[in-house]
Structure formats: structure tokens, C-alpha cells
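Asker: Chains as they are written, first to last, in the numbering used here: chain D, 3 to 227; chain G, 61 to 380.
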Ligand code: SF4
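(1) Going along the chain, which residues put their C-beta within less than 6 Å of some heavy atom in the ligand SF4?
(2) Give the residues from the segment 246-265 of chain G that approach chain D closer than 8 Å (Cβ to any Cβ), ordered along the chain.
(3) Using the three-state DSSP reduction, which class does residue 153 of chain D fall into: helix, strand or coil?
(4) Using Cβ-Cβ distances below 9 Å, what residues of the segment 85-111 of chain D are close to chain G?
(5) Step through the CB atoms of chain D and report whether any lies within less than 8 Å of the CB of residue 168 of chain G.
(6) On the three-state DSSP scale, how would you describe residue 181 of chain D?
(7) Whole angstroms are fine: how far does the CA of residue 115 of chain D sit from the CA of residue 94 of chain D?
(8) So for residue 185 of chain G, helix, strand or coil by DSSP?
(9) Excluding five sequence neighbours on each side, which residues of the same chain lie with their C-beta closer than 8 Å to the C-beta of residue 18 of chain D?
(10) Mind listing which residues of the segment 59-75 of chain D have their C-beta closer than 9 Å to chain G's C-betas, in chain order?
(11) Taking all protein chains shown into account, do 16 or more other C-beta atoms lie within 10 angstroms of the C-beta of residue 41 of chain D, making it buried, or fewer, making it exposed?
(12) Is residue 310 of chain G helix, strand or coil by DSSP?
(13) Starting from the C-beta of residue 311 of chain G, find all residues in its chain whose C-beta is less than 7 Å away, skip the five residues before and the five after it, and write them out in chain order.
(14) Run through chain G and tell me which residues come within less than 7 Å of residue 196 of chain D, C-beta to C-beta.
(15) Using 8 Å as the threshold, is the segment 194-205 of chain G in touch with the segment 354-372 of chain G, meaning 3 or more CB pairs across them?
(16) Alpha carbon to alpha carbon, how far is residue 346 of chain G from residue 141 of chain G?
(17) Using a cut-off of 7 Å between C-beta atoms, extract the partners of residue 144 of chain D located in chain G.
(18) Around the Cβ of residue 161 of chain G, are there at least 16 other Cβ atoms within 10 angstroms (buried) or fewer (exposed)?
(19) Is residue 149 of chain D close to chain G, meaning its C-beta is less than 8 Å from at least one C-beta of that chain?
(20) At which residues does the alpha helix (DSSP H) containing residue 102 of chain D begin and terminate?
(21) Roughly how far, in whole angstroms, is the beta-carbon of residue 131 of chain G from the beta-carbon of residue 80 of chain G, given that I think they are within contact range, below 8 Å?
(22) Quick one: residues in its chain with C-beta nearer than 6 Å to the C-beta of residue 156 of chain D, no 5 flanking neighbours on either side, listed in chain order?
(23) With C-beta atoms as the reference, is residue 306 of chain G less than 8 Å away from residue 197 of chain D?
(24) Helix, strand or coil: which one does DSSP assign to residue 176 of chain G?
(25) Along the chain, which unbroken stretches of the beta strand (DSSP E) at least 3 residues long are found entirely within the segment 33-82 of chain D?
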């Protein structure tokens, strides 16, 4: 995938040190090596709200939290079959992440769509964490190739296969894109801002709908006609 | 009579094909978009997608870890008879969905909306959806599976005749800009637009427009066909590409389907069939033949008929 004027490509450990994290720039392409764990709402609720003991040593074993549910099955002999993995949208987990990052020492949050620069500045930067986005989101097969081994799965009985905590040993898993940096800047906000400059021209001549909706006005006493 | 075992085994093969093999028409569309794209990051993303499709086929693994919500569109000829009848047919499709979820494997996505019960097989109340269509003549059955992804990328709005084409364009742009940011719609996508009908049928039409027509296919009404082309260009002029990065690949194709609506309204729905535009089709015949394809060929002249009685239009005498 390397091309002369394309983005920079970097190999990174799932237990990265501060120097490795400091060199990451928005838009860099990252491939991961080491152990990563999946955690989303089910795991967060169980660990943070129900105060269940986290079944592994964090961040000793892994400092990389993947927001995903794999396409996987547990074979009758207890082995695992994991084909494709694809991230799920992260903004829904903002409620739990500040506490989760502080508690687990997680340094890499991997998912779909990123968070806001406000999130990055308020609890990613203080915890020394970086956000990595999957690429195109639908690259499940490529990411699947980066699975060296599925080590174990926890809480699948309580949470189901999709919400369970999977431990995945990866080798050159990627590509991922660096979507936040050490100052809490947000790649997607930078892109949105560039795109917005062009929007007035694209919309020129179009007509706002006759029937308004809440959200287009925040005054609930308005009549939406 | 068509054997029920053949229906089930064909349906299982279709689940596998849909999850793993990107249809040629969408692939060609994406390659063209990749060739035209000049945004750095967008280009990288499209290149990665093209490699992803190859990896999926080579390794026989699902192209996307998110299975979406697998569903079935079933079409039958007027003379079709199925062993065991429609109840057996629905059971076969549910079994095929469950078996393939475990077999491929696919992600078990379907849960109860309130209790979050997960059967780990993509089957439950109302899941998978099974929708039906019929064609004059024929003893075959078309099995079409679509694994459409995306919690994002779909919207509905009641417009009025006075909103006109400019109002339709506005809502089209609103939908793309809203769902395209951060690439939540997993664009570039096939955009389906439903116009008219009632609220529910407007959604159904738009979804079918996105999922059941191939890239490059044009509506049989030349004025709607022209709109489809114009809207594709409009979408790609937003300045947004894959993942919401600066670029120009937002829309691979636009498909518009219409239905007669209340005289006072102009319902509109927008649907984005994502980077994993997964559909697979097979026609099963009573003599045991199975023909696989990727074009659902759903919107025939019969499906778009306007008159009380059906008459095959002149020059279209080929059997559907
Ligand atoms: S929208 Fe499509 S490509 Fe994106 S994650 Fe969902 S199924 Fe995959």
C-alpha cells in the first residue's frame, strides 16, 4: 500500500512507550503488534458499574482497547475461529472512557469514527492515550489477517459473543490511522473544517424543507410548519 | 415443484457468497472512484478497501467484521410451487441464516431491542426479514440475500410538492453531509432514494433502490434516470471522500425509485449501501438447476407497473 507521496507507515506495539506515542502525527498509518483486547458497552458496564474484576492484567498485558465485536465462533473443543474484525462507532462510549482509561492505563483506543477534540483534550491527553481509527471501516478481512492467535475470551456467557472481552494476539495488524495526537487535535475535525468551506457552494439553489423538524429549531414551543 | 432442501443449501451458499465476494458492479465502480480520487487519505482508504476485497476472497473470510442485518428478498414466478409451501420456505431461510452465521463465521448481530437477548445466530423475532415479489410466468424462485450494514446513512423526511426538486436535492445533501462525516456511512456508497408511497413504503422503496439495483443501472423513466446521474455528481462535488476525509468519492451510484403518493405530499427516504455492498442472488428451478448471479433484477417493468391490468410492454416479450 506504500506509495511515494502517501501517508507515513509505522509499526507500533500494543504496549507502547511514551516516546513511540509522541512520534505519532495525525494521518499516520499504524500497524500493531502484540496483545489487544476488545471492550465496548457490555464490558464497560460490567467492569465499571457492576464492579466485576477485570479478568486480565491491564495495562501490563495490553494497553490497546479495540471497540469491536469480531465475527467469531467458539468451537466445541474450545478453540476459536475468527474471520473478520471491524470496529464499531466509538462516540457512544464517551460516558465510560474517562474512568476506563484512568483505571486500566490503556494507551491506544481503536475504533470507528473517533471522538471529539474535547474528549481528547479532557481525558486522552491527561492519560497519555491516542486514538487510532480503522481504515474505511469495512476492512475486516485485512484486519483479520493480522490476527496471529485468539488467546481467550472472557465474559461471553454473561455478555454474549459480540459484547464479550476477546484477547487477540496481533502481528502487523492494520492499517489504522492516527486520529488524535498528543495535543488532543482531532483528524476528523480538521477534515470537516476543510470540507465545510466548500459546502455553501454545493448547497446553492437548494431549498430548505417546508416542514421543519425539532433539531432544526431547539425551541420546543415552535410550531414545526 | 422446487425441493426445499435445495432451497436451503442454495440459501446457505448465498449467505457465504454475499459475505465474502464483493459484487463485480460495485467493485468496478469503486475502482473507477479510486482512479479519480486525488485526496491523500481518501486514496489510501480506497486502496485499502480494494486490498480488503482481495483478502476476503483469497482467505474465504467475511469482507467486513460487521455482518449488518442479513435479510431475504424472495421473488417467484406466477406458477412456482415450493415443496412444503411458504412456511417451509421461511423455515429454510431462517435455518440457512443461522447455519451460515456459525459456518462462515458471521457476526451474530441480531438482538432483542429491549432485553438484548442474543441467539448468536442472526435469527429472532422478525429476523431475518423476508420480503416477497412476483413476476408473471415462470416456475422458478429467486433467492436474494442482502447484508446491508450501517446504523448510519438512512433518513426519512416528509416533503411537499412545493419543496420540488430543489427540496429533494437539499435533503439528499443533508443526508450525505450528516452521515458522511467521519465516514459513518462507510462511503463511497450506492445511494438509494425512495420518493412517494407512504412513510413505510417510501423507506422500503429507497432501501430496495440501494440494495437491489446494480451500479450503472438506470431507472426506466428517462427523467428519473437523468436525476440519478445528476445526484451522483452532486454527491461527489461535496468535497468529501471515504471516511469523511477531503476527497471526491462519496457516491458510487444513485438509484431512485418512486411510488404513487398522497396528492398533498412527497415522501423522501435516503439509504446508503456501504463499502460492503453485500448481495448475492440465485434462481432455483424445479428441475434442480441453480443459477447464481449478483444482479437481483428486482425492478422489472412488472414491479414498476402503473396500470390496473398488466400487459407486457411491446418489445419486452422475453420471459421475466
Ligand atoms: S457500514 Fe458496511 S462497511 Fe461499514 S462497518 Fe457496517 S457493514 Fe461494514
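Backbone N, C-alpha and C fix where the C-beta goes; we use that ideal spot for every residue, glycine too. Bear in mind that the values here come from a model prediction, so they are computed numbers and not experimental data.
Answerer: Quick answer:
(1) D/88, D/139, D/140, G/124, G/126, G/128, G/209, G/210, G/246, G/334, G/335 and G/336
(2) 246
(3) Strand.
(4) 85, 86, 87, 88, 89, 90, 91 and 93
(5) yes
(6) In this structure, residue 181 of chain D counts as coil in the three-state DSSP scheme.
(7) Straight-line Cα distance between these residues: approximately 10 Å.
(8) Assignment of residue 185 of chain G by DSSP, reduced to helix, strand and coil, places it in the coil class.
(9) Same-chain partners within the cutoff: 65, 109 and 110.
(10) Correct list: 70, 71, 72, 73, 74 and 75.
(11) buried
(12) The answer is coil: DSSP assigns residue 310 of chain G none of H, G, I, E or B.
(13) If you ignore the 5 residues before and after residue 311 of chain G, its C-beta comes within less than 7 Å of the C-beta of 248, 249, 251, 292, 295 and 296, all in its own chain and listed in chain order.
(14) Simply 306.
(15) yes
(16) If you take the alpha carbons of residue 346 of chain G and residue 141 of chain G, they lie about 8 Å apart.
(17) 108, 111, 112 and 115
(18) Residue 161 of chain G should be labelled buried.
(19) no
(20) 99-106
(21) Residue 80 of chain G and residue 131 of chain G do not touch by the CB rule: their CB atoms are close to 18 Å apart, not below 8 Å.
(22) 57 and 167
(23) For residue 306 of chain G and residue 197 of chain D, yes; Cβs fall inside 8 Å.
(24) coil
(25) Runs of beta strand (DSSP E) with 3 or more residues, each lying fully within the segment 33-82 of chain D, are found at 66-68 and 70-76, listed in chain order.
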